[in-house]
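Colleague: Those protein sequence lines, which keep their order, are chains A and B.
In terms of numbering that gives the first Met the number 0, the first sequence opens at residue 0 and continues consecutively.
In terms of numbering that gives the first Met the number 0, the second sequence opens at residue 0 and continues consecutively.
There are 2 protein chains.
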Amino acid sequence: MPAQTAVAIVPVSGPDKTAAPASPDYFFEGAEKLLEVWFGSSLEVDGVAEADTKNGASLSLRSIPRQEWDALCELAACRILHAMSNECMDSYVLSESSLFVSDRRVILKTCGSTKLLATISRLLELAETYSGLDQVVNVYYSRKNFARPDLQPKLYRSFDAEMDYLDRFFDESSAYCLGSMKSDRWYLYTSSLPQAPITCADHTLEILMTEMPQHVLDLFTREACEDGPDCTKKTGIDRIMPPGTAIHEELFDPCGYSMNALVPNSDKYATIHVTPEPAFSYASFETNQDHICLFAQTKRVLECFQPQKFLLTIFSNEHSESAKATQQQLWEKEMLGYRRTSIQFVRLETDETLVYAHYVRKCKSSCGSSSEDEGERSE
Amino acid sequence: MPAQTAVAIVPVSGPDKTAAPASPDYFFEGAEKLLEVWFGSSLEVDGVAEADTKNGASLSLRSIPRQEWDALCELAACRILHAMSNECMDSYVLSESSLFVSDRRVILKTCGSTKLLATISRLLELAETYSGLDQVVNVYYSRKNFARPDLQPKLYRSFDAEMDYLDRFFDESSAYCLGSMKSDRWYLYTSSLPQAPITCADHTLEILMTEMPQHVLDLFTREACEDGPDCTKKTGIDRIMPPGTAIHEELFDPCGYSMNALVPNSDKYATIHVTPEPAFSYASFETNQDHICLFAQTKRVLECFQPQKFLLTIFSNEHSESAKATQQQLWEKEMLGYRRTSIQFVRLETDETLVYAHYVRKCKSSCGSSSEDEGERSE
Numbered sequence: 000m001p002a003q004t005a006v007a008i009v010p011v012s013g014p015d016k017t018a019a020p021a022s023p024d025y026f027f028e029g030a031e032k033l034l035e036v037w038f039g040s041s042l043e044v045d046g047v048a049e050a051d052t053k054n055g056a057s058l059s060l061r062s063i064p065r066q067e068w069d070a071l072c073e074l075a076a077c078r079i080l081h082a083m084s085n086e087c088m089d090s091y092v093l094s095e096s097s098l099f100v101s102d103r104r105v106i107l108k109t110c111g112s113t114k115l116l117a118t119i120s121r122l123l124e125l126a127e128t129y130s131g132l133d134q135v136v137n138v139y140y141s142r143k144n145f146a147r148p149d150l151q152p153k154l155y156r157s158f159d160a161e162m163d164y165l166d167r168f169f170d171e172s173s174a175y176c177l178g179s180m181k182s183d184r185w186y187l188y189t190s191s192l193p194q195a196p197i198t199c200a201d202h203t204l205e206i207l208m209t210e211m212p213q214h215v216l217d218l219f220t221r222e223a224c225e226d227g228p229d230c231t232k233k234t235g236i237d238r239i240m241p242p243g244t245a246i247h248e249e250l251f252d253p254c255g256y257s258m259n260a261l262v263p264n265s266d267k268y269a270t271i272h273v274t275p276e277p278a279f280s281y282a283s284f285e286t287n288q289d290h291i292c293l294f295a296q297t298k299r300v301l302e303c304f305q306p307q308k309f310l311l312t313i314f315s316n317e318h319s320e321s322a323k324a325t326q327q328q329l330w331e332k333e334m335l336g337y338r339r340t341s342i343q344f345v346r347l348e349t350d351e352t353l354v355y356a357h358y359v360r361k362c363k364s365s366c367g368s369s370s371e372d373e374g375e376r377s378e
Numbered sequence: 000m001p002a003q004t005a006v007a008i009v010p011v012s013g014p015d016k017t018a019a020p021a022s023p024d025y026f027f028e029g030a031e032k033l034l035e036v037w038f039g040s041s042l043e044v045d046g047v048a049e050a051d052t053k054n055g056a057s058l059s060l061r062s063i064p065r066q067e068w069d070a071l072c073e074l075a076a077c078r079i080l081h082a083m084s085n086e087c088m089d090s091y092v093l094s095e096s097s098l099f100v101s102d103r104r105v106i107l108k109t110c111g112s113t114k115l116l117a118t119i120s121r122l123l124e125l126a127e128t129y130s131g132l133d134q135v136v137n138v139y140y141s142r143k144n145f146a147r148p149d150l151q152p153k154l155y156r157s158f159d160a161e162m163d164y165l166d167r168f169f170d171e172s173s174a175y176c177l178g179s180m181k182s183d184r185w186y187l188y189t190s191s192l193p194q195a196p197i198t199c200a201d202h203t204l205e206i207l208m209t210e211m212p213q214h215v216l217d218l219f220t221r222e223a224c225e226d227g228p229d230c231t232k233k234t235g236i237d238r239i240m241p242p243g244t245a246i247h248e249e250l251f252d253p254c255g256y257s258m259n260a261l262v263p264n265s266d267k268y269a270t271i272h273v274t275p276e277p278a279f280s281y282a283s284f285e286t287n288q289d290h291i292c293l294f295a296q297t298k299r300v301l302e303c304f305q306p307q308k309f310l311l312t313i314f315s316n317e318h319s320e321s322a323k324a325t326q327q328q329l330w331e332k333e334m335l336g337y338r339r340t341s342i343q344f345v346r347l348e349t350d351e352t353l354v355y356a357h358y359v360r361k362c363k364s365s366c367g368s369s370s371e372d373e374g375e376r377s378e
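1. Please say whether Ala-269/A and Glu-285/A have beta carbons closer to each other than 8 Å?
2. Pro-20/B to Phe-27/B, Cα distance in whole Å?
3. For chain B, is any of its Cβ atoms less than 8 Å away from the one on Ile-342/A?
4. Using beta carbons (cut-off 8 Å, strictly below), is Met-88/A in contact with chain B?
5. Can you tell me which of the three DSSP states Leu-192/A falls into?
6. Would you mind telling me which residues of chain B sit closer than 7 Å to Cys-176/A, beta carbon to beta carbon, in chain order?
7. Identify every run of the alpha helix (DSSP H) within the region 284-328 of chain B, keeping only runs that are complete inside it and at least 4 residues long; order them along the chain.
8. Which whole runs of the alpha helix (DSSP H) in the region 150-207 of chain B are 4 residues long or more, in chain order?
9. Touching or not, the region 72-81 of chain A and the region 231-244 of chain A, by the rule of three or more beta carbon pairs under 8 Å?
10. In or out: Pro-14/B buried (at least 16 other Cβ within 10 Å) or exposed?
11. Taking 8 Å as the threshold (C-beta atoms), are Cys-176/B and Met-180/A in contact?
12. CA-CA distance, Ser-90/A and Phe-344/B?
13. Cβ of Leu-347/B less than 8 Å from any chain A Cβ?
14. Take Glu-210/B and list the residues in its own chain whose beta-carbon comes closer than 8 Å to its own, dropping the five residues that flank it on each side.
15. Would you kindly check if the distance between the Cβ of Leu-150/A and the Cβ of Ser-112/A is under 8 Å?
16. Give the secondary structure of Thr-52/B by DSSP, where H, G and I count as helix, E and B as strand, and everything else as coil.
17. Within 8 Å (strictly less), CB to CB, does Ser-173/B reach chain A?
18. What number of angstroms, rounded off, separates the C-alpha of Glu-35/A from the C-alpha of Leu-58/A?
19. Is there contact between the region 184-199 of chain A and the region 217-229 of chain A, where contact requires at least three CB pairs shorter than 8 Å?
20. Going straight from the alpha carbon of Val-6/A to that of Asp-69/A, what length do you get?
21. Just how far apart, CA to CA, sit Asn-287/B and Arg-360/A?
22. To the nearest angstrom, how far is the alpha carbon of Thr-203/A from that of Ile-342/A?
23. Identify the residues that DSSP records as bridge partners of Gln-134/A: which are they?
24. Could you check the C-alpha separation between Asn-316/B and Glu-351/B for me, to the nearest Å?
25. Kindly identify the DSSP beta-bridge partner or partners of Thr-274/B.
26. Look up Met-258/B in the DSSP assignment and give the residues it is bridged to.
27. Identify which residue in Ser-190/B, Phe-168/B, His-318/B and Val-100/B has its Cα closest to the Cα of Ser-265/B.
28. To the nearest angstrom, how far is the alpha carbon of Glu-225/B from that of Leu-353/A?
29. Anything in the region 145-174 of chain B with a Cβ closer than 9 Å to a Cβ of chain A? List those residues in chain order, please.
30. Can you grab the Cα-Cα spacing for the pair Leu-71/B / Phe-168/B, in whole Å?
31. Any beta carbon of chain A sitting closer than 8 Å to that of Cys-362/B?
32. Can you tell me the Cβ-Cβ gap for Ala-174/B and Leu-187/B, rounded? I've got them flagged as a contact below 8 Å.
33. Where does Leu-58/A sit, in a helix, a strand or coil, going by DSSP?
34. Secondary structure at Phe-99/A, three-state DSSP: helix, strand or coil?
35. Can you tell me the Cβ-Cβ gap for His-357/A and Asp-183/A, rounded? I've got them flagged as a contact below 8 Å.
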């Protein structure tokens, strides 16, 4: 097991996850805003870190001090609950979702009514100041359509506004809406350096789930579980991770769950976030792990959460043969127990490929209709 | 050659294509709204036309009288210029684009500031009244993003409004935005009967082109060509059609071109529309022909028009092996002289597949930059 430090520095209930008001119109937006940024240095030649010696900086984002990350999260209106590290990355569980920091990559994922994009300007400053990383090699900003965009800060009520804001910082960008504009869908903004260095194999699997059954949702409460580790075990989440994975998690009061997992000796991670209120239940799974085939990984996640509907995305660069194989499988194969309402295959100018697919559980006579067309237009 | 009738019933200049005002802000929206509807009859059993005898109707849309088509076009604020027929379909060149009517399929394509969707209600009535076709088996409504949505009738300024309007008439629909939301893109609304009968192979190729070179644009004017047939010959359009194709076309005054082509003894067609004003040049090509491989067909069209940018869509049902092969080619192969900025592969719940691709001409040192990111956001 890698060296770990887990420190709880604040009460375990995040500001937006305290007891739901008696008010029947209480709502929490589980769907996250997700920012992933890959940095580089203009001092590097062909990705070789000559810069190390040229300036004092370590060329690693991990040299940014903890208090700077605390301040960064404040800009997004969330905060760090606790941290864990291994040889390759630092993991932070937030009051709303997660932060992962490795040498060249930052992943910031925030749910609720957080203001993720407010961190970008400061993030670029920190990377340059503390790490000598003055280039953004790739940036990805994505999210599902919100269930209640009207409850979001103004900037996040339509993706057009988010695109415009991101264009202040990044050039040569493109943006996509995947899925039916009339129901569940997923937005992506991406920008890459024209001569982005060839990186090693990389991929990301995301599964965004809604309408979980009551018996599953009940487990993500303080009534059913003592604490985070207890919830991780009772829900079976510990069994969907690659073996030996280090986990730190939070079971919120009275309900709600966040988990970060680190694969030993690697920058591979997984993260799960659950909003268990039946009226707006939502669960997300994200990983870049390469121990388990992503198709098998997906099945494990679905068995654990049993969602009525989910959307899935697999992002792969041209070097990840395993992810590309799973993308092809998704195109050709059925997902047991689910009806695929649409699937889209995108090849970007960078030759990265992206698969988006949306599924609805096949109805037994017992269950109500669950057409994808029920999904209300929300933007 | 099939029997043909070509009758010019109005002056050859459409209302929106008369001489451009001296005013420098004269603009014409070349990008078309495109509606394709496939009809069926509830009296049919497994697609077998028992209904013929059960009611007087011929179960063919071609039994709808000409004056009804004239009235229908009026609803869209355009009109029929002339007609041509063969054994399988009727073709109409309009003041703004085209109308094709075969036994079970209507294709209405209108450019400028026309109101295509205003025809739907009446179209459904006509199909039932004259043809006993009381079911819409499939409907497709699509368009490129407009260059000047602000100059469109209110309903057409955002695709969301068009979707809402279409939902008044059709169930179980879905809608997609293909291409980058930040530049050229293509919107599709589609709805199918849950048990849509298995049809024969069908596909559609569309190529939507902008920024043609001056020497190409010049040919689509009354200065360069005497009339439609002269323009068809001088531009080489006659040579990109399958052999033996019957053509009727219009060269507008002072500029602009529309052409409908019918492949003998079939319901295969092609149609071309050109807006040659350099400030907002646009040309579209559409066909369902299966004589020439669609990849070769695409190359012929590009050689003829030499656009700086174009987007391409190929729609194929599961029975069209040739179209599916071309879809795969587009995914894997380069288009000579062009840089592909993105390609998307979509599989709908009906198992129809759709490929969207966007290309920008590779720049020689001589030519100005032409990044896809130049495309102004227009919706």
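In this text, a Cβ means the ideal position worked out from N, Cα and C, and glycines have one as well.
Modeller: The structure says:
1. As a working note, residue 285/A is residue 286 in the first sequence. As a working note, residue 269/A is residue 270 in the first sequence. Against a cut-off of 8 Å, the Cβ pair of Ala-269/A and Glu-285/A comes out as a contact.
2. To locate residue 20/B, count along the second sequence from 1; it is residue 21. To locate residue 27/B, count along the second sequence from 1; it is residue 28. Low local confidence applies: a pLDDT of 49 at Pro-20/B is under 50, so the model's placement there is unreliable, with the coordinate-based value given in what follows. Approximately 11 Å between the Cα atoms of the pair.
3. On the first sequence, residue 342/A is found 343 positions in, with the first residue counted as 1. So yes, Ile-342/A belongs to the interface.
4. As a working note, residue 88/A is residue 89 in the first sequence. Met-88/A has a beta carbon lying at 8 Å or more from every beta carbon in chain B.
5. Here residue 192/A refers to the residue found at position 193 of the first sequence. Leu-192/A: coil per DSSP, three-state reduction.
6. Stepping through the first sequence from its first residue, residue 176/A is reached at position 177. Result: Cys-176 and Met-180.
7. 293-304
8. As far as the region 150-207 of chain B is concerned, its whole alpha helix (DSSP H) runs of at least 4 residues are 158-165.
9. Put simply, the region 72-81 of chain A does not touch the region 231-244 of chain A. Fewer than three CB pairs are less than 8 Å apart.
10. By one-based count along the second sequence, residue 14/B stands at place 15. With a pLDDT of only 42 at Pro-14/B, under the threshold of 50, the placement of this residue in the model should not be trusted; the figure read from the coordinates follows. Exposed.
11. Translated into the one-based positions of the first sequence, residue 180/A becomes position 181. Translated into the one-based positions of the second sequence, residue 176/B becomes position 177. Contact flag set, yes.
12. The residue given as residue 90/A occupies position 91 in the first sequence. The residue given as residue 344/B occupies position 345 in the second sequence. Distance between the alpha carbons of Ser-90/A and Phe-344/B is about 36 Å.
13. By 1-based counting over the second sequence, the position of residue 347/B is 348. Closer than 8 Å: yes.
14. In the second sequence, counting from the first residue as 1, residue 210/B sits at position 211. Counting only Cβ-Cβ distances below 8 Å, and skipping sequence neighbours, we find Ser-280, Pro-306, Gln-307, Lys-308 and Ser-369.
15. As a working mapping, residue 112/A is identified with position 113 in the first sequence. As a working mapping, residue 150/A is identified with position 151 in the first sequence. In contact: Ser-112/A and Leu-150/A (Cβ atoms closer than 8 Å).
16. The residue you call residue 52/B lines up with position 53 of the second sequence. For Thr-52/B, the pLDDT reaches just 42, beneath the cut-off of 50, and the residue's location in the model is therefore unreliable, leaving the point undetermined.
17. The residue you call residue 173/B lines up with position 174 of the second sequence. Yes, Ser-173/B lies at the interface with chain A (some Cβ there is under 8 Å from its Cβ).
18. What you label residue 35/A is simply residue 36 of the first sequence in a count that begins at 1. What you label residue 58/A is simply residue 59 of the first sequence in a count that begins at 1. About 18 Å.
19. They do not touch, by the three-pair rule.
20. Within the first sequence, residue 6/A is the residue found at index 7, counting from 1. Within the first sequence, residue 69/A is the residue found at index 70, counting from 1. Note on Val-6/A: pLDDT 37, under 50, position unreliable in the model; no value is reported.
21. Here residue 287/B is taken as the residue at index 288 of the second sequence, counted from 1. Here residue 360/A is taken as the residue at index 361 of the first sequence, counted from 1. Distance between the alpha carbons of Asn-287/B and Arg-360/A is about 36 Å.
22. What you label residue 203/A is simply residue 204 of the first sequence in a count that begins at 1. What you label residue 342/A is simply residue 343 of the first sequence in a count that begins at 1. Whole-angstrom Cα-Cα distance: 17 Å.
23. Translated into positions along the first sequence, residue 134/A becomes position 135. Looking at the DSSP assignment, Gln-134/A forms a beta bridge with Gly-39/A.
24. Sequence index remark: in the second sequence, residue 316/B carries index 317 (1-based). Sequence index remark: in the second sequence, residue 351/B carries index 352 (1-based). Rounded to whole angstroms, Asn-316/B to Glu-351/B spans 4 Å at the Cα level.
25. As a position in the second sequence, residue 274/B is number 275, starting the count at 1. BP columns for Thr-274/B point to Tyr-281/B.
26. Residue numbering aside, residue 258/B sits at position 259 when the second sequence is read from its first letter. The partner list for Met-258/B (beta bridge, DSSP) reads Glu-248/B and Ile-271/B.
27. For the purposes of this step, residue 265/B is taken as the residue at position 266 of the second sequence. Among Ser-190/B, Phe-168/B, His-318/B and Val-100/B, the Cα nearest to that of Ser-265/B is on Val-100/B.
28. Taking the first residue of the second sequence as 1, we reach residue 225/B at position 226. Taking the first residue of the first sequence as 1, we reach residue 353/A at position 354. So the two alpha carbons sit approximately 50 Å from each other.
29. Phe-158, Asp-159, Met-162, Asp-163, Asp-166, Asp-170, Glu-171, Ser-172, Ser-173 and Ala-174
30. Residue 71/B sits at position 72 when you count from the first residue of the second sequence. Residue 168/B sits at position 169 when you count from the first residue of the second sequence. Rounded to the nearest whole angstrom, the CA to CA distance from Leu-71/B to Phe-168/B is 17 Å.
31. The count along the second sequence starts at 1 and reaches residue 362/B at position 363. Judged by the 8 Å Cβ criterion, Cys-362/B is not in contact with chain A.
32. On the second sequence, residue 174/B is found 175 positions in, with the first residue counted as 1. On the second sequence, residue 187/B is found 188 positions in, with the first residue counted as 1. Ala-174/B to Leu-187/B, Cβ: 7 Å. Contact.
33. For this step, residue 58/A is matched to residue 59 along the first sequence. It is coil, neither helix nor strand.
34. Here the question's residue 99/A lines up with position 100 in the first sequence. Note: Phe-99/A maps to strand in three-state DSSP.
35. Taking the first residue of the first sequence as position 1, residue 357/A is located at position 358. Taking the first residue of the first sequence as position 1, residue 183/A is located at position 184. So it is a contact: roughly 6 Å between Cβ atoms.
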